[in-house]
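K.L.:
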Amino acid sequence: MCNLSNYTIIMEELDLILESVKQDMDAAVKHLDHAFQRIRAGRASTSMVQDVMVEYYGAMTPINQVANVSIPDAMTISIQPWDRTAINAIEKAIINSNLGFAPSNNGENIILNVPPLTEERRRDLAKQAKSETEQTKIVVRNARQDGLKELKKLDGVSEDIVKGVEDEIQTYTDKYVKLCDEHLKTKEAEIMKV
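Just so it is clear: in the sequence shown, position 149 is 149 by UniProt numbering, and no numbers are missing.
1. Given that a residue counts as buried once 16 or more other Cβ atoms are within 10 Å of its Cβ, and exposed if not, what is Leu14?
2. What residue does the beta strand (DSSP E) around Leu112 start on, and which one ends it?
3. Work out the CA separation of Lys163 and Asp181 for me, nearest whole Å.
4. Would you call the CB atoms of Thr171 and Leu32 closer than 8 angstroms?
5. Just the C-alpha distance for Cys2 and Gln65, rounded to the nearest angstrom, thanks.
6. Tell me which same chain residues have a C-beta within less than 7 angstroms of the C-beta of Ala74, skipping the five on either side of it?
7. Is the number of C-beta pairs between the region 80-97 and the region 127-142 that are closer than 8 angstroms three or more?
8. Going by beta carbon distance, what residues of the same chain come within less than 7 angstroms of Val52, once the five residues before and after it are set aside?
9. Among the residues of its own chain, which have a CB less than 7 angstroms from the CB of Thr173, if the five just before and after it don't count?
10. In chain order, which continuous runs of the alpha helix (DSSP H) of length 4 or greater are located wholly inside the UniProt domain "Ribosome recycling factor" (33-192)?
11. For Met25, I'd like the list of residues in its chain whose CB is within less than 7 angstroms of its CB, leaving aside the five on either flank, ordered along the chain.
12. Which same chain residues, not among the five before or five after Thr46, have their C-beta less than 6 angstroms away from its C-beta?
13. So, using beta-carbon positions, are Leu129 and Ile79 closer together than 8 angstroms?
14. With the cut-off set at 8 angstroms, would you say Ile77 and Leu112 are in Cβ contact?
15. So, are the CB atoms of Val49 and Ala86 less than 8 angstroms apart?
16. Could you compute how far the alpha carbon of Leu125 sits from the alpha carbon of Gln23?
17. Looking only at its own chain, which residues have a Cβ that is under 6 angstroms from the Cβ of Gln37, when we skip the five neighbours before and after it?
18. Using alpha carbons as the reference points, say which of Asp83, Glu150, Ser5 and Arg121 lies closest to Glu108.
19. Skipping 5 residues on each side, what residues in its chain have a beta carbon closer than 7 angstroms to that of Leu184?
20. Is the separation between the beta-carbon of Val165 and that of Leu16 shorter than 8 angstroms?
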């Protein structure tokens, strides 16, 4: 009876290690997607301003909680505050966010014109996307290393089971690295499209 309960505990620990590795790798790819949203590809998108924080009644508030952010056309972002007194604070937050936009304020809403990208700027953005991808791959590989370290800490586990779990962790790693490359390929195509 004692052996069965030890086996169950060991299997639960192995499952926890695998789940932890998978969660870390999932989080890394989600972070990559979020980073890619901030890399503009010449088309207006509400995600370009989603990280802008506005000082509203003394609290730092996400822009989408103080204004309606919309895309009237492919090259314009329109920001209409729900409270007109916040328009200057929103404009200041956009300028301070270093997004490279020059907001124009007509008293009721703020218009951001997204300039077309030059070829040089497209190449720079593609390099930035590649750099983000490489950083994500490092996080994925670190998750693999952490999983393998946790695996080595376990006592009383047969070599066959350890080898099987190591293979499964490597399979996850290969899958997520490939996923990163696929996301990069899609983003580069989006950036380079004129």
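Here a beta-carbon is modelled for each residue, glycine too, at the ideal position from N, C-alpha and C.
P.N.:
Per the coordinate set shown:
1. Within the sequence shown, residue 14 is the residue found at index 14, counting from 1. Counting other Cβ atoms within 10 Å of its Cβ, Leu14 reaches 16 or more and is therefore classed as buried.
2. Locating residue 112 in the sequence shown gives position 112, where the first residue counts as 1. Its beta strand (DSSP E) spans residues Ile110 to Asn113.
3. For the purposes of this step, residue 181 is taken as the residue at position 181 of the sequence shown. For the purposes of this step, residue 163 is taken as the residue at position 163 of the sequence shown. For Asp181 and Lys163, the distance between alpha carbons rounds to 27 angstroms.
4. Locating residue 171 in the sequence shown gives position 171, counting from the first residue. Locating residue 32 in the sequence shown gives position 32, counting from the first residue. No.
5. Position 2 of the sequence shown, counted from the start, is the residue given in the question as residue 2. Position 65 of the sequence shown, counted from the start, is the residue given in the question as residue 65. Any reading at Cys2 needs caution, since the residue's pLDDT is 48, under 50, leaving its predicted position unreliable; the model's value is listed next. Approximately 57 angstroms, taken between the alpha carbons.
6. Within the sequence shown, residue 74 is the residue found at index 74, counting from 1. Apart from the 5 residues on each side of it in sequence, Ala74 sits with its Cβ closer than 7 angstroms to the Cβ of Arg43 and Ala44 in its chain, given in chain order.
7. no
8. By one-based count along the sequence shown, residue 52 stands at place 52. Apart from the 5 residues on each side of it in sequence, Val52 sits with its Cβ closer than 7 angstroms to the Cβ of Ile63, Ala93, Ile94 and Ser97 in its chain, given in chain order.
9. Your numbering for residue 173 matches position 173 in the sequence shown. Closer than 7 angstroms at the Cβ level, and outside the excluded window around Thr173, lie Val140, Arg141 and Arg144.
10. 87-96, 119-153 and 159-192
11. Mapped onto the sequence shown, residue 25 falls at position 25. So the qualifying residues of the chain are Val140, Ala143, Tyr172 and Tyr176.
12. Counting from one through the sequence shown, the residue named residue 46 turns up at place 46. Taken in chain order, the residues that qualify are Val69.
13. By one-based count along the sequence shown, residue 129 stands at place 129. By one-based count along the sequence shown, residue 79 stands at place 79. The sequence given here places Ala at residue 129; Leu does not occur at that position. It is not a contact, given that the beta carbons lie outside the stated cut-off.
14. As a first step, residue 77 must be located in the sequence shown, where it is residue number 77. As a first step, residue 112 must be located in the sequence shown, where it is residue number 112. Taking 8 angstroms as the Cβ cut-off, Ile77 and Leu112 qualify as a contacting pair.
15. Taking the first residue of the sequence shown as position 1, residue 49 is located at position 49. Taking the first residue of the sequence shown as position 1, residue 86 is located at position 86. No, the Cβ-Cβ distance between Val49 and Ala86 is not below 8 angstroms.
16. Position 125 of the sequence shown, counted from the first residue, corresponds to residue 125. Position 23 of the sequence shown, counted from the first residue, corresponds to residue 23. Between Leu125 and Gln23, the C-alpha separation is close to 28 angstroms.
17. Locating residue 37 in the sequence shown gives position 37, counting from the first residue. Within the same chain, Gln37 has close Cβ partners Ser47.
18. Walking along the sequence shown from the start, residue 108 turns up at place 108. Per the Cα distances, Asp83.
19. Looking up residue 184 in the sequence shown gives position 184. Closer than 7 angstroms at the Cβ level, and outside the excluded window around Leu184, lie Ala129, Lys130 and Thr133.
20. The count along the sequence shown starts at 1 and reaches residue 165 at position 165. The count along the sequence shown starts at 1 and reaches residue 16 at position 16. Contact flag unset, no.
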